[in-house]
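One structure is given below, encoded as structure tokens.
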Amino acid sequence: MSLIAPQCGTVLAGLVGRGISRSRTPAMHMAEARAQGLAGEYRLLDTDMPGWRGMDLAAILSAAEAGGFDGLNVTYPFKVEIVALLDALSDNAAAVGAVNTVVLRGGRRVGHNTDLWGFAEGFRRGLPDACRAHVLLVGAGGAGAAVAHALADCGVARLSIHDSEGARAAALADRLRQTRPGLVAAAVDDIAALFAADRPDGLVNATPMGMAALPGMAVPADLLDPALWVADIVYVPLETALLRAARARGCRVLDGSGMAVFQAVRAFELFTGRPADPARMRATFETFDTDTPRPEPGH
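Once you know that position 95 of the sequence shown is 103 in my numbering, the rest is easy, because the numbers rise by one and skip nothing.
Set out below in structure tokens:
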């Protein structure tokens, strides 16, 4: 697909992913640009839509460069694949091994991971006094890797990691031992056995499970009790089946809105070089119907 370069003075960014037509990211970025007096434009590069369907990631990235984009957000299923197509990585992106924000400047492609800070900031604000001795993370993909590093940065001492692909959970635990050596990390195959033997203090769902297109829960409801805090990075619906069950059982909960907003705050700053207003971006986020389906946690 050919892209028309932006006029002088505009900031042009976009989101690359599959099935992203209902993403809230464009509105947050464009509203913040307007509030700061910028002529901002944010486009969806959706591989499920005509014009982009069938294009590989390398071709999409080249088209964005040719079209004069200042940067791209990256979501499912490209957060890991895009790493090999970049010239450099920020420390966060290199540690996580996944990229959700690419700055295109001076002929270079620099990858960042704003999901890490986004989850960490949402967690610090939403569950400031949560026990961090032992946490179970479900999901070890690109989003899960960012959340794992964020949990370490928020003071979690021990992290158990479960994924439907056991090798992926083990690989993330190995990575964490290198990038966050103060964290004790291990892959676990059986969640119920973990709860029976060494019950965690908190649980984070970093899988797409719970979205309207993928209903259900990544953890059985009968494992939940009031001593457990529960976080979910899915944000539409804000109250996933997991969070609804957790509330019903008396757990403290954290929905996915914080990560969604704060990753956008940091990405806006990378695209424009200007600080964003988190309260203003959250206000834009909250204008949406929270029951509208969305494709990927983090965007």
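Think of the CB as a built atom: it goes at the ideal place given N, C-alpha and C, for glycine as much as any other residue.
Status (buried if at least 16 other CB within 10 Å, exposed otherwise) for residue i
i	result
T280	buried
G114	exposed
T295	exposed
A221	exposed
D137	exposed
Q186	exposed
D78	buried
P189	exposed
S29	exposed
P234	exposed
P34	buried
P223	exposed
D171	buried
D198	exposed
E129	buried
D54	buried
R32	buried
A67	exposed
Residue i versus residue j: straight-line alpha-carbon distance, rounded
i	j	result
R116	R252	44 Å
H157	V212	13 Å
R260	L80	34 Å
A229	A249	9 Å
G25	R61	11 Å
L335	M63	With the chain running from 9 to 307 in the structure shown, residue 335 is simply not present.
G150	Q44	31 Å
R302	C139	Unreliable placement is indicated for R302, whose pLDDT of 40 sits below 50; the coordinate value is still reported in the next sentence. Each residue's alpha carbon lies about 30 Å from the other.
V88	A21	20 Å
I169	L144	6 Å
A275	D240	21 Å
A175	A72	34 Å
L69	L246	31 Å
A96	A102	9 Å
R133	R42	27 Å
L236	F131	15 Å
Backbone secondary structure at residue i - three-state DSSP
i	result
T18	strand
A47	strand
G59	coil
G25	strand
7 Å Cβ cutoff met for residue i and residue j
i	j	result
A201	A153	no
T215	V164	no
V82	N108	yes
A284	V273	yes
D123	Q271	yes
T18	E49	yes
D209	A148	no
A178	L184	no
F86	L65	yes
G264	V242	yes
M267	G126	yes
E203	M36	Note on residue identity: the sequence assigns Phe, not Glu, to residue 203. Cβ atoms of F203 and M36: not closer than 7 Å.
L232	R257	yes
M217	A226	yes
G59	L94	no
L167	L191	yes
A329	A181	Missing from the structure shown is residue 329; the chain here goes from 9 to 307 and no further.
Below-7 Å beta-carbon distance, residue i vs any chain D residue
i	result
P34	Among the protein chains of the structure shown there is no chain D, as only one such chain exists.
Closer than 6 Å: residue i CB and nearest the ligand FAD heavy atom
i	result
N213	Within the structure as shown, the ligand FAD is missing, as the structure has no ligands at all.
List in chain order: all unbroken alpha helix (DSSP H) runs of 4+ residues lying wholly within the stretch 159-246.
The stretch 159-246 contains these whole alpha helix (DSSP H) runs: 174-187 and 199-205.
What residue ranges within the stretch 107-157 form continuous beta strand (DSSP E) runs of no fewer than 3 residues, ordered along the chain?
109-113, 116-120 and 142-146
What are the uninterrupted segments assigned as beta strand (DSSP E) that are 3 or more residues long and contained completely in the stretch 66-102, given in chain order?
Within the stretch 66-102, the complete beta strand (DSSP E) runs of at least 3 residues are 79-82.
Along the chain, which unbroken stretches of the alpha helix (DSSP H) at least 4 residues long are found entirely within the stretch 259-286?
265-280
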